[in-house]
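For reference, the structure discussed in these notes is given below.
In our numbering, the protein residues as written are 412 to 895.
Structural data, given as structure tokens:
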């Protein structure tokens, strides 16, 4: 019976080729050493900086340059020295104790190797075993799937229908390519600070809706490493949602519908739902910068024609077009006012068009700023999503958490790469003496710019852990009250 499924398509439910994988070590009852923050020596074996010579040089090591372009070596170094295994385990375990829970034991992990081979339905008995496999396989990236009713590795021991996903974080995936029809600064895989504002708007709107409208508290935003963002909602209520309930949340949030050939993609009521009315404040705040400045929507005819196509009245389109073409270099803000004025005049002349045209300016603003969701990722509980702290294989950047409180300041070009982490580690070890005997030893990521991102992740975990502990306390008290 195989432990490993190898596939070339992560969307497929079953693997097409199988290969055996030996069991690495016996199950441990406790992993307390993983949570001893003062002494990491047992867990982080062979953690000494391999890029530093035995005697510290006067200048910096050049090894960071030596690994540039060698993604295999970069990944190997990252998994051995920088990946934050402790907090990663704490998150997947959903239990403050060090003993692996079913949430960890029954979680699917999917490895993507450098040759694009996918290894699905992997599961692990403890974090040491997972680390050994990660280092051995040296994956280009890895995805997290659902938590099943049994260990994914043991699924061959039951009927296919008996292998059931039971929980997973509620997730959202926002990809910049879904904005290609409206962004003008970049396209495809490219991204810059200008178009990143679309991601900022998405984070603001979704985060507030999840907290205020659904009562979720434990929300983690993660940079995808290239051109998008992922949202992980870790509340127990969110993890236990079935597909229909997830679909209901997506439907509640979805506003943009329709393909690239469809002009108007929003259909909103005259009086907005309170959630959309709240979102409108964010939309209004960002629309002018996006349309007037960063994306230059009203500067060039090929850009403003897409905006005019949203207006469901060709006569009004023609009037606005003539006005803009008469003075194409007029300031975008003035052109926007002209659009609103012409629509207002048309309604005054033809009151029967009020319902058709009155909210067009508002709808344009939503169409150009509101989040564009990949509904399949959110709806299907067993859908894979790239794990936080992966290395993006195309950019080499770490998929770091984004602090929602400072999301406007996030620069998609700023997350560290492995060569940068190596350089920072070298610089730290060059300028800091080795810890004396009995002194706490820093993990390698604590010596680099990755530290702020891991510590933010740990802050997220502390809030989650407090809630889990409190629930256990309340459940324990309730159980005792039933004893006679």
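The beta carbon of each residue, even a glycine, is placed where N, CA and C say it ideally should be.
{"Check": "Could you tell me which of 815, 886 and 503 sits nearest to residue 613, measuring between CA atoms?", "Outcome": "815"}
{"Check": "Leaving aside the five residues before and after residue 835 along the sequence, list all residues of the same chain whose C-beta is less than 8 angstroms from its C-beta, in chain order.", "Outcome": "827, 858, 859 and 860"}
{"Check": "Check residue 875 in the structure and name its three-state DSSP category.", "Outcome": "helix"}
{"Check": "Mapping the DSSP letters down to three states, classify residue 522 as helix, strand or coil.", "Outcome": "strand"}
{"Check": "Could you have a look at residue 755 and say whether DSSP puts it in helix, strand or coil?", "Outcome": "helix"}
{"Check": "Under 8 angstroms, do residue 768 and residue 829 count as touching if we go by C-beta distance?", "Outcome": "no"}
{"Check": "Quick check on residue 842: buried or exposed, where buried means 16 or more other Cβ atoms within 10 Å of its Cβ?", "Outcome": "exposed"}
{"Check": "Just mark residue 594 as buried or exposed, buried being the case when its beta carbon has 16 or more other beta carbons within 10 Å.", "Outcome": "buried"}
{"Check": "Could you give the distance in angstroms between the alpha-carbon of residue 654 and the alpha-carbon of residue 583?", "Outcome": "14 angstroms"}
{"Check": "With 16 as the cutoff for other CB atoms within 10 Å, does residue 885 come out buried or exposed?", "Outcome": "exposed"}
{"Check": "What would DSSP say about residue 735, mapped onto helix, strand or coil?", "Outcome": "helix"}
{"Check": "Mapping the DSSP letters down to three states, classify residue 670 as helix, strand or coil.", "Outcome": "coil"}
{"Check": "Applying the 10 Å Cβ sphere with the 16-neighbour rule, what's the burial state of residue 690?", "Outcome": "buried"}
{"Check": "For the alpha helix (DSSP H) holding residue 538, just list the boundary residues, first then last.", "Outcome": "538-548"}
{"Check": "Express the C-alpha separation of residue 763 and residue 603 in angstroms, rounding to a whole number.", "Outcome": "44 angstroms"}
{"Check": "Can you tell me whether residue 797 is helix, strand or coil according to DSSP?", "Outcome": "strand"}
{"Check": "Please classify residue 845: is it buried, with 16 or more other beta-carbons within 10 angstroms of its beta-carbon, or exposed?", "Outcome": "exposed"}
{"Check": "Spatial neighbours of residue 651 within its chain, please: C-beta separation below 6 angstroms, excluding the five flanking residues on both sides.", "Outcome": "578"}
{"Check": "Given a cut-off of 8 angstroms on the beta-carbon distance, is the pair residue 875 and residue 629 in contact?", "Outcome": "yes"}
{"Check": "Would a C-beta distance cut-off of 8 angstroms place residue 813 and residue 800 closer than the cut-off?", "Outcome": "no"}
{"Check": "For the putative contact between residue 734 and residue 749, defined by C-beta atoms under 8 angstroms, what is the C-beta separation to the nearest angstrom?", "Outcome": "5 angstroms"}
{"Check": "Around the Cβ of residue 720, are there at least 16 other Cβ atoms within 10 angstroms (buried) or fewer (exposed)?", "Outcome": "exposed"}
{"Check": "Per DSSP, what are the beta-bridge partners of residue 813 in this structure?", "Outcome": "632"}
{"Check": "How is residue 865 classed by DSSP in three states: helix, strand or coil?", "Outcome": "helix"}
{"Check": "Going by the CB atoms, is the gap between residue 581 and residue 825 shorter than 8 angstroms?", "Outcome": "no"}
{"Check": "With a 10 Å radius around its C-beta and 16 neighbouring C-beta atoms as the bar for buried, classify residue 501 as buried or exposed.", "Outcome": "buried"}
{"Check": "May I have the straight-line CA-CA distance separating residue 492 from residue 550, to the nearest angstrom?", "Outcome": "15 angstroms"}
{"Check": "Buried or exposed: where does residue 568 fall if 16 or more other Cβ atoms within 10 Å of its Cβ makes it buried?", "Outcome": "exposed"}
{"Check": "In angstroms, rounded to a whole number, what distance separates the CA positions of residue 879 and residue 831?", "Outcome": "36 angstroms"}
{"Check": "Is DSSP giving residue 705 helix, strand or coil here?", "Outcome": "helix"}
{"Check": "For residue 729, which of helix, strand or coil comes out of DSSP?", "Outcome": "helix"}
{"Check": "Just mark residue 428 as buried or exposed, buried being the case when its beta carbon has 16 or more other beta carbons within 10 Å.", "Outcome": "Here the model assigns residue 428 a pLDDT of 32, short of 50, so the residue's position is not dependable and the matter cannot be decided."}
{"Check": "Pairing CB atoms from the stretch 777-793 with CB atoms from the stretch 533-542, are three or more of them under 8 angstroms?", "Outcome": "no"}
{"Check": "Which partner residues of residue 639 appear in the DSSP bridge assignment?", "Outcome": "586"}
{"Check": "Counting Cβ pairs closer than 8 angstroms, one from the stretch 629-649 and one from the stretch 669-679, do we hit at least three?", "Outcome": "no"}
{"Check": "Would DSSP call residue 512 helix, strand or coil?", "Outcome": "coil"}
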